[in-house]
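Asker: Please find one structure pasted underneath; my questions will follow.
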Amino acid sequence: MPAFTYRAVDTSGKKSKGLLEAASLTAARADLRKRNLLPLSVEATMRPAGGATSLRPHRLSLKKQVLVTRQLATLIGAQVRIEDALKIVADQITGARDMSLLLNLRSAIVDGRSLADALEDAQGSFDEYYRASVKAGESAGKLPQVMEHLANHIEDRARNRQSLQLALIYPALLAVVSLGVIVALLTFVVPDIVRVFTARGAELPALTRALIAVSEWMQRWGTVSAVLLIAAIVSVLTLLRQPEMRLVWDRWLTRVPLFSGLALRLNSAQFSGTLATLVQSGVPLADALAAAAGTVPNRYIRTRVARITQDVSEGASLSKSVEASGVFPPMLIAMIASGEAGGRLGDSLDRAATDQAASLKATVTTIVALVEPAVLLIMGGIVMLLVMSILMPIVGLNALAG
Numbered sequence: 001m002p003a004f005t006y007r008a009v010d011t012s013g014k015k016s017k018g019l020l021e022a023a024s025l026t027a028a029r030a031d032l033r034k035r036n037l038l039p040l041s042v043e044a045t046m047r048p049a050g051g052a053t054s055l056r057p058h059r060l061s062l063k064k065q066v067l068v069t070r071q072l073a074t075l076i077g078a079q080v081r082i083e084d085a086l087k088i089v090a091d092q093i094t095g096a097r098d099m100s101l102l103l104n105l106r107s108a109i110v111d112g113r114s115l116a117d118a119l120e121d122a123q124g125s126f127d128e129y130y131r132a133s134v135k136a137g138e139s140a141g142k143l144p145q146v147m148e149h150l151a152n153h154i155e156d157r158a159r160n161r162q163s164l165q166l167a168l169i170y171p172a173l174l175a176v177v178s179l180g181v182i183v184a185l186l187t188f189v190v191p192d193i194v195r196v197f198t199a200r201g202a203e204l205p206a207l208t209r210a211l212i213a214v215s216e217w218m219q220r221w222g223t224v225s226a227v228l229l230i231a232a233i234v235s236v237l238t239l240l241r242q243p244e245m246r247l248v249w250d251r252w253l254t255r256v257p258l259f260s261g262l263a264l265r266l267n268s269a270q271f272s273g274t275l276a277t278l279v280q281s282g283v284p285l286a287d288a289l290a291a292a293a294g295t296v297p298n299r300y301i302r303t304r305v306a307r308i309t310q311d312v313s314e315g316a317s318l319s320k321s322v323e324a325s326g327v328f329p330p331m332l333i334a335m336i337a338s339g340e341a342g343g344r345l346g347d348s349l350d351r352a353a354t355d356q357a358a359s360l361k362a363t364v365t366t367i368v369a370l371v372e373p374a375v376l377l378i379m380g381g382i383v384m385l386l387v388m389s390i391l392m393p394i395v396g397l398n399a400l401a402g
């Protein structure tokens, strides 16, 4: 049954609000009256979309995603029906919106839909990787194992994101404060100093003249430039939502030297981890490849995985097909070839996924470690140039006065 949010008052006039399950809006109001509550408002937490019901987009936090996914894996593995497992988890979770999301998923399953179909209705609540993994697990009859893999993946992602955020807090604050100081100097301080120098009739150094030119440009065009920059960023983000432009962008990411290594490691870790779980769960290789393709974030690499799937379906070996794709690192290809030769492809993929994840983590750690000194050097250099451009003419004036 779908979930409804309500506001009501009891016989003493005390207001209350909450969440309940009911077959319809009328049944929800009747249920409230049975509790001696007068309903003020009752609203469905599901909305119609294209003639069918779909879930209102509400994304669980990473921490709650881990909790929900791991509990579902345990309950489903213990032969508890999916709808009952969702009910148990929903009763334990805090937050009305989180609870309504789970109850609406349960309602869709009670109506005869699969968990994967219910998640597709909640695309704004669960990312593509999550939905594709659940679909693969259901189609292979290995949902508990896939849910366990998902929980581990989300937990690692939450841990990595927290570490990255903590590491970038200081450089980000430093950059923001430094930029604020620079803009304030160019906008308010430099014009006053320029008037002093102009009144003295002194010849200004080239560095100071450049600073004055930048200051005048900021006063005249700074606001317009900021608006244009924001508009350009919004336009680019809008364009990247188009499948054709996103494909071009993702292909560029795999080829530009600065980003290609990180992009390839990230996608190979996602691909090999999901493929390892499915193969070890007994999913046929062609079906596992088709499912794993949906979990690859980069759309260009996803098209190459689709080609790999087709080649394997036609009888080609996985290692040769992966090598021909040209988008996966040699270490992954070697591990796949070793697993095929020894008849232990699942174990080899699992080790390859662990290696790729460790390599990705090391790369991200190195990048983060370089960000802080880079910000210090860049901002320090800019501030030094500002100070020098102001002090040089002052020193010149003092020499003339002496």
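Quick note on full-length UniProt numbering: the sequence shown kicks off at 1 and runs consecutively.
Each residue gets a CB set at the ideal place from its N, CA and C atoms; glycine is no exception.
Only a predicted model underlies this, so the values are computations on that prediction, with no experimental measurement involved.
(1) Quick check: the Cα distance between I154 and N36, rounded to an integer number of angstroms?
(2) Have a look at P373 and Y170 and give me their C-alpha separation to the nearest angstrom.
(3) Output the distance between the C-alpha atoms of A73 and L67, rounded to the nearest integer angstrom.
(4) Let me check one thing: in DSSP terms, what residues is E43 bridge-paired to?
(5) Measuring alpha carbon to alpha carbon, tell me which of G222, V395, F4 and S12 ends up nearest A28.
(6) Where does L38 fall in DSSP's three states?
(7) Can you check the UniProt domain "Type II secretion system protein GspF" (271-393) for any alpha helix (DSSP H) of at least 4 residues that lies completely inside it and give the ranges in chain order?
(8) Whose C-alpha, out of A151, E148, E120 and A116, is nearest the C-alpha of V134?
(9) Who are the near neighbours of T277 in its chain, counting only those whose CB is closer than 7 Å to its CB and skipping five residues on each side?
(10) Looking only at its own chain, which residues have a Cβ that is under 6 Å from the Cβ of A292, when we skip the five neighbours before and after it?
(11) With DSSP collapsed to three states, give me the class of K15.
(12) Nearest-angstrom Cα distance between L247 and A167?
(13) Using DSSP with H/G/I as helix, E/B as strand and the rest coil, what is Q145?
(14) Compute the beta-carbon to beta-carbon distance between S215 and L186, rounded to the nearest angstrom, for a pair I have assumed lies under 8 Å.
(15) Under the rule that 16 or more other beta-carbon atoms within 10 Å means buried, what is K15, buried or exposed?
(16) Does the region 285-299 come into contact with the region 353-366, if we say contact requires no fewer than three beta-carbon pairs (one atom in each stretch) closer than 8 Å?
(17) What residue range does the alpha helix (DSSP H) around R113 cover?
(18) In whole angstroms, what is the alpha-carbon distance linking V190 and A175?
(19) Does the distance from the C-beta atom of S325 to that of M335 stay below 7 Å?
(20) Starting from I93, trace the alpha helix (DSSP H) both ways and give me its first and last residue.
(21) In this structure, how does DSSP classify L204 when only helix, strand and coil are distinguished?
(22) Do A151 and R33 have their C-beta atoms closer together than 7 Å?
(23) In whole angstroms, what is the alpha-carbon distance linking E314 and F328?
(24) Between the C-alpha atoms of V279 and F259, what's the straight-line distance to the nearest angstrom?
(25) Suppose you measure from the CA of G77 to the CA of V89; what does that come to, to the nearest Å?
(26) What does the alpha-carbon distance come out to for the pair R113 and L119?
(27) Could you work out which residue in L285, T303, Y300 and R302 is closest to S319 when comparing CA atoms only?
(28) Rounded to a whole number of angstroms, what is the C-alpha to C-alpha distance between I182 and G261?
(29) So V322 packs on I301, CB below 8 Å; how close in whole Å?
(30) Using 7 Å as the threshold, is the C-beta distance between I390 and I230 below it?
(31) May I have the straight-line CA-CA distance separating Y129 from L102, to the nearest angstrom?
Answerer: Based on what the coordinates show:
(1) Along the sequence shown, one-based indexing puts residue 154 at 154. Along the sequence shown, one-based indexing puts residue 36 at 36. Cα to Cα, the separation comes out at about 43 Å.
(2) Here residue 373 refers to the residue found at position 373 when the sequence shown is read from its first residue. Here residue 170 refers to the residue found at position 170 when the sequence shown is read from its first residue. Near 11 Å, if we compare the C-alpha coordinates of Y170 and P373.
(3) Stepping through the sequence shown from its first residue, residue 73 is reached at position 73. Stepping through the sequence shown from its first residue, residue 67 is reached at position 67. A73 and L67: Cα-Cα distance of roughly 10 Å.
(4) Within the sequence shown, residue 43 is the residue found at index 43, counting from 1. E43 is bridged to T5.
(5) Position 28 of the sequence shown, counted from the start, is the residue given in the question as residue 28. Answer by Cα proximity: F4.
(6) Translated into positions along the sequence shown, residue 38 becomes position 38. Of the three classes helix, strand and coil, the one that applies to L38 here is strand, per DSSP.
(7) 285-293, 299-313, 318-325 and 330-342
(8) Within the sequence shown, numbered from 1, the residue matching residue 134 stands at position 134. With distances taken between Cα atoms, V134 lies closest to A116.
(9) To locate residue 277, count along the sequence shown from 1; it is residue 277. Once the five neighbours on either side are set aside, the close Cβ partners of T277 are Q145, V146 and H149.
(10) Translated into positions along the sequence shown, residue 292 becomes position 292. So the list reads F271, T274 and L275, once near-sequence residues are dropped.
(11) Counted from its first residue, the sequence shown places residue 15 at position 15. If DSSP states are grouped into helix, strand and coil, K15 belongs with the strands.
(12) Position 247 of the sequence shown holds residue 247. Position 167 of the sequence shown holds residue 167. Going by the C-alpha atoms only, they are around 31 Å apart.
(13) In the sequence shown, the residue the question calls residue 145 occupies position 145. The answer is helix: DSSP assigns Q145 an H, G or I state.
(14) For the purposes of this step, residue 215 is taken as residue 215 along the sequence shown, with counting starting at 1. For the purposes of this step, residue 186 is taken as residue 186 along the sequence shown, with counting starting at 1. At roughly 5 Å, the Cβ-Cβ gap stays under 8 Å, so S215 and L186 are in contact.
(15) The sequence position of residue 15 within the sequence shown is 15, counting from 1. It counts as exposed.
(16) no
(17) Taking the first residue of the sequence shown as 1, we reach residue 113 at position 113. Where R113 is concerned, there is no enclosing alpha helix (DSSP H), given that its DSSP letter is neither H nor E.
(18) Position 190 of the sequence shown, counted from the first residue, corresponds to residue 190. Position 175 of the sequence shown, counted from the first residue, corresponds to residue 175. Using only the alpha carbons, I get a separation of about 21 Å.
(19) For the purposes of this step, residue 325 is taken as residue 325 along the sequence shown, with counting starting at 1. For the purposes of this step, residue 335 is taken as residue 335 along the sequence shown, with counting starting at 1. Not closer than 7 Å, so no.
(20) Within the sequence shown, the letter at position 93 stands for residue 93. Run containing I93: none; DSSP gives neither H nor E here.
(21) Taking the first residue of the sequence shown as position 1, residue 204 is located at position 204. Looking at L204 - three-state DSSP - the assignment turns out to be coil, as it is neither helix nor strand.
(22) In the sequence shown, counting from the first residue as 1, residue 151 sits at position 151. In the sequence shown, counting from the first residue as 1, residue 33 sits at position 33. No, they are not a contact pair.
(23) Residue mapping note: residue 314 aligns to position 314 of the sequence shown, counting from 1. Residue mapping note: residue 328 aligns to position 328 of the sequence shown, counting from 1. Their backbone Cα atoms lie some 21 Å apart in a straight line.
(24) Indexing the sequence shown from 1 puts residue 279 at position 279. Indexing the sequence shown from 1 puts residue 259 at position 259. Going by the C-alpha atoms only, they are around 30 Å apart.
(25) By 1-based counting over the sequence shown, the position of residue 77 is 77. By 1-based counting over the sequence shown, the position of residue 89 is 89. Those two C-alpha atoms are separated by around 14 Å.
(26) Walking along the sequence shown from the start, residue 113 turns up at place 113. Walking along the sequence shown from the start, residue 119 turns up at place 119. Going by the C-alpha atoms only, they are around 10 Å apart.
(27) To locate residue 319, count along the sequence shown from 1; it is residue 319. The residue with the shortest Cα to Cα distance from S319 is L285.
(28) Along the sequence shown, one-based indexing puts residue 182 at 182. Along the sequence shown, one-based indexing puts residue 261 at 261. Computed Cα separation, rounded: 34 Å.
(29) For the purposes of this step, residue 322 is taken as residue 322 along the sequence shown, with counting starting at 1. For the purposes of this step, residue 301 is taken as residue 301 along the sequence shown, with counting starting at 1. Between I301 and V322 the Cβ distance is about 11 Å, and since that is not below 8 Å, they are no contact.
(30) Start at 1 with the first residue of the sequence shown, and residue 390 comes out as number 390. Start at 1 with the first residue of the sequence shown, and residue 230 comes out as number 230. For I390 and I230, no; Cβs fall outside 7 Å.
(31) Taking the first residue of the sequence shown as position 1, residue 129 is located at position 129. Taking the first residue of the sequence shown as position 1, residue 102 is located at position 102. Cα-Cα distance, rounded: 19 Å.
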